[in-house]
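Undergrad:
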Amino acid sequence: MANTADPTLNPVSAPPAAPESASKKTNAQMEQSQSQPQPQGQKAPKPAKPAKQQQPAKDKNAAAAAAASADGAGSDKLSPAELKKKAKAEKAARRARERADREQTGAGGGGAAASGQGPGTPAGKKGPDAGAAAAASGKGQKGIPRRGSAQTVPQNGAAEAKKKQEDKKVAVFGHLYGQQRRTTVAGAGKEVHPAVLALGLQMRDYVVCGSSARCVATLLAFKRVIEAYTTPMGTSLSRHLTTHLSHQITYLSTCRPLSISQGNAIRALKLAISSIDPSVPEAQAKSTLCEFIDTFISEKITVADQVIAGSAAQKIKDGDVVVTFAGSSIVKQTLLTAFKQGKKFRVSIIDSRPLFEGKNLARTLANAGLEVQYSLINGISHAIKDATKVFLGAHAMTSNGRLYSRVGTALVAMSAKERAGGVEIPVIVCCETVKFTDRVALDSIVVNEIADADELVVTEAPHQLTDLPDPAAAAQPEPKKGGKTAASNPSPAESNTASKKDGSPLTDWRDTPNLQLLNIMYDVTPAEYVDMVVTEMGSLPPSAVPIVHRMSTNL
Amino acid sequence: MATADPRTSKASEPFDIVATYNDLLRSDPDLTMPIAAIEALVLLLTHSPSSTISETLDLLEKSTAHLKKSIPNPIGLSAGTDLFQRYLITTLQRPGQLGPAGDFNAIRAHLLSNSRLFIRRAKESRDKIAAFGRGFVRDGSTVLTNGGSRVVASLLQQAADEKGGPSAVRFNVIYVLSSPKGDIESPTAEPEGMETVRALRAKGVPVATIPESAVAYSLGKADVVIVGAEGVVENGGIVSRMGTYQIGLLAKAMGKPFYVVAESHKFVRVYPLGQYDLPIEQHVIDFKTQEEVDTAKQQQSNSANSPGTTQGLNSEFHPDAVDFTPPHLISALITDSGVLTPSAVSEELIKIWF
Chain D
58 MANTADPTLN PVSAPPAAPE SASKKTNAQM EQSQSQPQPQ GQKAPKPAKP
108 AKQQQPAKDK NAAAAAAASA DGAGSDKLSP AELKKKAKAE KAARRARERA
158 DREQTGAGGG GAAASGQGPG TPAGKKGPDA GAAAAASGKG QKGIPRRGSA
208 QTVPQNGAAE AKKKQEDKKV AVFGHLYGQQ RRTTVAGAGK EVHPAVLALG
258 LQMRDYVVCG SSARCVATLL AFKRVIEAYT TPMGTSLSRH LTTHLSHQIT
308 YLSTCRPLSI SQGNAIRALK LAISSIDPSV PEAQAKSTLC EFIDTFISEK
358 ITVADQVIAG SAAQKIKDGD VVVTFAGSSI VKQTLLTAFK QGKKFRVSII
408 DSRPLFEGKN LARTLANAGL EVQYSLINGI SHAIKDATKV FLGAHAMTSN
458 GRLYSRVGTA LVAMSAKERA GGVEIPVIVC CETVKFTDRV ALDSIVVNEI
508 ADADELVVTE APHQLTDLPD PAAAAQPEPK KGGKTAASNP SPAESNTASK
558 KDGSPLTDWR DTPNLQLLNI MYDVTPAEYV DMVVTEMGSL PPSAVPIVHR
608 MSTNL
Chain X
263 MATADPRTSK ASEPFDIVAT YNDLLRSDPD LTMPIAAIEA LVLLLTHSPS
313 STISETLDLL EKSTAHLKKS IPNPIGLSAG TDLFQRYLIT TLQRPGQLGP
363 AGDFNAIRAH LLSNSRLFIR RAKESRDKIA AFGRGFVRDG STVLTNGGSR
413 VVASLLQQAA DEKGGPSAVR FNVIYVLSSP KGDIESPTAE PEGMETVRAL
463 RAKGVPVATI PESAVAYSLG KADVVIVGAE GVVENGGIVS RMGTYQIGLL
513 AKAMGKPFYV VAESHKFVRV YPLGQYDLPI EQHVIDFKTQ EEVDTAKQQQ
563 SNSANSPGTT QGLNSEFHPD AVDFTPPHLI SALITDSGVL TPSAVSEELI
613 KIWF
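In order, the protein sequences belong to chains D and X. Here the first sequence is numbered in this note's numbering, starting from 58 and rising by one per residue. Here the second sequence is numbered in this note's numbering, starting from 263 and rising by one per residue.
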């Protein structure tokens, strides 16, 4: 199962990760290979019996899967189709469980009916613990409710608790809830370099945010890793450094899933490492690698950005109203370049919760002297009314020419194209070729990233004039500014404290039944809504993305 | 080699690239703009005995820029000059005898001979296109076309030709003729494309000529639209004579296939986002009040005795004006490298450039 040859990274592949995720993955594989939904109640920390019984089946399936995947990537990388299948299986399993619960609480007749559905499977003959063995036998899809109902008897309480927890995952995106993002550096492997440890947390907190920034920061951190690296006895640098880097990468991916650009950069770095001649002395090899990283950053990102900004700025004409979404660094550079060329245009920045990336962009552009209008995505139809061009940044461009970018981008692009006036507004994407991927995205469900839903809850309450004073202010600094307000109404403030302290009505969303929060990070803009992709290799229609990607990776 | 320097400057001074280009275009009616540009550049290279690579490239760049500046619509032309420059650079960068290490005189001779070969091939490409495009004209079909494109003419003629293939195709042609009345210089001139109309009629092809205003009316009777192009741009759209865009829109609205016939040396590295994003200045839409019209007339009558200044001053319509047909209106491009979808154009261009 462990395959060192695979250059791609996958957050789930972490070998020292929690046993839960490992078993979950194997479970998923089993479900794929047998197309048999598995009750989810069985998969995590469980009573010993079913888990033990599953063990041989698990091993067998794992072996089969490993053998089946000729390219060696089978267990590590789930293709979108597989992911979808997995999601479907999970959904089916959950439904089955719920039905089982209902049956259990209701009459026994339902259970009998369910058992009757089993095609060819003598479900009735099986004992309560024969259910787990059915997983290995790989038959009887409809036998699951029966099995589930038999098993829920001892684990009723546990299942109940689990259900409550899992309901907070939005069903369609169920496959995207991997591990929780790491919150501390505790538990990180001892191999992880301090620079990487810090970077991981910075990425987690969006201090380092944006596809290019994350890519550059990762490469710089890896440069420090390589500088601090010494080859252990008995191995060669080209072999051992790759695994050493893998630990760093695994750690980073537990902080936040890696971006496409990070993946591409890491792949290039690993290729450079593995192509180092083992006879080259270590110091020289290390300096070669550091040089490689520097060239990569300047060639693929720094200089590329300048080229893109230059050619994209040519498209800005006097009198333009440029709409942009969120805070792309390359769009910022483009607008500043055009402004420096003396073009007279207006910028309308559209931003969204919860990251508010456009705020920084607005400030930078305004400070530089541009005319800036800032609005949230709710006001898109208004902002697009007088627009003449749309400039967008990218997280990635997929091989079918679709733009994978911050959630909301698709809305902006589509609004620009389908504007009521009938006159189309060109949508221009600025994107380095390092962000191109050979993956294909048909929707934003299969591949995406889910951030912590709590980010949606927290809002800074605006200062309200009509409302009661802030309880914190009212409680503490009485002598400071309390004067009239505190004297006028101390008791209502007291009574309102509970709701005020929470700040948002959503604060206890986890305990609120029937309430799910979804904080999705990206969306996919269809290729028809993109007129032009400006890259460092020239301007392309979105349909040329795979060709350029092939060329830039072959070079 | 340094001794050649004074001679170089003397020899290259009298050579006028713009005049050469215009002469070439005038002398050979079959010549397209990019090929004329390349031919002019080759002539320039033969006339100026440059001795180093950088000198050659520098000379080339300067004359290209000069040529582009002095021609009102350099889109088609720039396809040729860019291609030639690109070809030169790749040849010079190639290692071996003809690379930077080799003898420069040999390199130059090689370049010139290859350039001539290139020009000859480009001229032949029209026949190749006609062979590819023949299949798009079916028996009993009606083709709607416009303008004075020589490639379209050769395609249609070859389709009608008995000798061209197994048997002649029997088809009708609706020819959209632009009214030449806006042309002040020669109000009696016959519209562009009349020559093709005559040639087709001589071959026994029934041809109907309609004005541009009757396109929507007549399109219902047409099965397929075939047009030429001045330049094929990076996103697969075309820059073509004024009026092509509206035919494209109408064809799309009526669900008729819209084919573009163009040689692959007309592919340009330009990426227009719309009609008004073309890298040329054309004053098609010219708002005037009565007052301005009167002053313009006065000026015209004042300067009437001095010939040459009258042209184009009051013209309502520019015969050389072009518009941009976006790729989503185009069904396919029939080129000498095969029948391409619009999205394949960028692939071809990238192949040339990288």
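A virtual CB, placed ideally from N, CA and C, is assigned to each residue, including glycine. Bear in mind the structure is a predicted one, so any value in this text is a computation, not a measurement.
1) When the Cα atoms are used, what is the spatial distance from P303/X to D585/X?
2) Tell me which residue opens and which closes the beta strand (DSSP E) that C487/D is part of.
3) Restricting to runs no shorter than 4 residues, where is the alpha helix (DSSP H) found entirely within the stretch 251-330 of chain D?
4) For K232/X, I'd like the list of residues in its chain whose CB is within less than 8 Å of its CB, leaving aside the five on either flank, ordered along the chain.
5) If you run the structure through DSSP and keep just helix, strand and coil, what is P603/D?
6) Going by other Cβ atoms of all chains shown within 10 Å of its Cβ, with 16 needed for buried, is G482/X buried or exposed?
7) Taking the C-alpha atoms as reference points, what is the distance between G257/D and R313/D?
8) Given a cut-off of 8 Å on the beta-carbon distance, is the pair R496/D and S456/D in contact?
9) Please list the partners that D588/D has in chain X, where partner means a Cβ-to-Cβ separation under 7 Å.
10) Counting only beta-carbon atoms, is L276/D nearer than 8 Å to chain X?
11) Beta-carbon of T572/X versus every beta-carbon of chain D: anything under 8 Å?
12) What is the rounded straight-line gap between the Cα of S336/D and the Cα of A342/D?
13) Suppose contacts are defined by Cβ-Cβ distances below 8 Å. Is G465/D in contact with D580/D by that definition?
14) Are the C-beta atoms of L233/D and some chain X residue less than 8 Å apart?
15) Starting from E609/X, find everything on chain D with Cβ-Cβ shorter than 8 Å and list it in chain order.
16) If we define contact as Cβ-Cβ less than 8 Å, is E543/X a contact residue for chain D?
17) Per DSSP, what kind of secondary structure is K100/D in: helix, strand or coil?
18) Just to confirm before moving on: does the CB-CB distance between A510/D and L572/D stay below 8 Å?
19) How would you call H545/X, buried or exposed, if buried means at least 16 neighbouring beta carbons within 10 angstroms?
20) Less than 8 Å between the CB atoms is what I'm expecting for F529/X and V494/X, so what's the real figure, rounded?
21) DSSP puts A470/X in a beta bridge; with which residues?
22) Starting from E428/D, follow the beta strand (DSSP E) in both directions and report where the run begins and ends.
23) Closest by CA to G376/D, which one among A149/D, S310/D, S355/D, S405/D?
24) Which two residues bound the contiguous beta strand (DSSP E) that contains M589/D?
25) Here's the rule: buried if 16 or more other CB atoms are within 10 angstroms of the residue's CB, otherwise exposed. What is A302/D?
26) Would a C-beta distance cut-off of 8 Å place E455/X and Y437/X closer than the cut-off?
27) Run through the stretch 400-484 of chain D for me and flag every whole alpha helix (DSSP H) of 4 or more residues, listed as ranges in chain order.
28) When we look at the beta-carbon of S411/X and count the other beta-carbons within 10 Å, is it buried (16 or more) or exposed?
29) Along chain X, which residues have their Cβ under 7 Å away from the Cβ of P483/D?
30) Please decide whether G498/X counts as near chain D, where near means a Cβ-Cβ distance under 8 Å.
31) Can I612/X and A270/D be called in contact, C-beta distance under 8 Å?
32) At least one CB of chain X closer than 8 Å to the CB of N60/D: is that the case?
33) May I ask you to report which of helix, strand or coil DSSP gives D598/X?
34) Sort R459/D, S438/D, F493/D by Cα distance to A473/D and report the nearest one.
35) Name the chain D residues whose beta carbon is nearer than 9 Å to that of S605/X?
TA: By the coordinates alone:
1) In the sequence as displayed, the identity of residue 303/X is Leu instead of Pro. About 27 Å.
2) 484-487
3) 251-261, 268-284, 294-312
4) Outside the shown range of chain X, which is 263 to 616, sits residue 232/X, and nothing can be said about it.
5) helix
6) exposed
7) C-alpha separation (whole angstroms): 8 Å.
8) Yes, the pair counts as a contact, with Cβ atoms nearer than the cut-off.
9) L535
10) L276/D does not count as touching chain X.
11) Per-residue confidence for T572/X stands at a pLDDT of 42, beneath the threshold of 50, marking its modelled position as unreliable; the derived number appears in the next sentence. No, T572/X lies away from the interface with chain D (no Cβ there is under 8 Å from its Cβ).
12) Rounded to the nearest angstrom, the two C-alpha atoms are 10 Å apart.
13) yes
14) no
15) A601, I604
16) no
17) Note that K100/D has pLDDT 43, beneath the 50 cutoff, so the model's placement of it is unreliable and no number is given.
18) no
19) exposed
20) Rounded, the Cβ-Cβ distance is 5 Å, consistent with contact.
21) As DSSP reads the structure, A470/X sits in a beta bridge with I436/X.
22) 428-433
23) S405/D
24) 589-592
25) A small fix is needed here, since residue 302/D is Leu in this sequence, not Ala. Label assigned to L302/D: buried.
26) In the sequence as displayed, the identity of residue 455/X is Gly instead of Glu. With a cutoff of 8 Å on beta-carbon distance, G455/X and Y437/X are scored as near each other.
27) 415-425, 437-440, 466-474
28) buried
29) Here the neighbours are L535, G536.
30) yes
31) no
32) Confidence at N60/D is low in this model, with a pLDDT of 41, below 50, so its placement is unreliable and no value can be given for it.
33) coil
34) S438/D
35) Near S605/X (Cβ distances below 9 Å), the residues of chain D are G458, P598, P599, S600, A601.
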